[in-house]
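Everything below concerns the one structure shown next.
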Amino acid sequence: MNNSLKICVAIAIVLPLAACEETSSPSGAGASAEAVAANNCVSRVNSTVGVSGSSVNDVTRLEDGFSLLMQVPGAEDFWVCETNPSGTVTSVFYMGEG
Numbered sequence: 002m003n004n005s006l007k008i009c010v011a012i013a014i015v016l017p018l019a020a021c022e023e024t025s026s027p028s029g030a031g032a033s034a035e036a037v038a039a040n041n042c043v044s045r046v047n048s049t050v051g052v053s054g055s056s057v058n059d060v061t062r063l064e065d066g067f068s069l070l071m072q073v074p075g076a077e078d079f080w081v082c083e084t085n086p087s088g089t090v091t092s093v094f095y096m097g098e099g
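Each position in the sequence shown, counted from 1, maps to that position plus 1 in our numbering.
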């Protein structure tokens, strides 16, 4: 493969990635707080609903903590778990009816 072709291939791979916006938190304290929030929310939702196997579908960083969209086995809709900035659960609620 000649050098011009190698450069074109490298640009084709790197350029789309440069346009991506990072949506997860960077490594460090924020990332560990997000992991703590996820672990705490899975435990709290599992105990609240009386199931095991709940999982985090999405995490949103808020000014005052995190909001996690949770997938719960057997639930027709999502559960939401909110935490403070350190990852301690402050509320859990169901998005659907009932």
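A virtual CB, placed ideally from N, CA and C, is assigned to each residue, including glycine.
Could you spell out the range, first to last residue, of the beta strand (DSSP E) harbouring Asn-58?
-> 56 to 63
How would you call Thr-89, buried or exposed, if buried means at least 16 neighbouring beta carbons within 10 angstroms?
-> exposed
So what does Cys-42 bridge to, in DSSP terms?
-> Paired residues: none, contrary to the question.
Have a look at Glu-64, Asp-78, Thr-91 and Leu-63 and flag the residue whose alpha-carbon is nearest the alpha-carbon of Cys-42.
-> Thr-91
Going by alpha carbons, who is nearest to Asn-47 out of Gly-97, Gly-66 and Pro-74?
-> Pro-74
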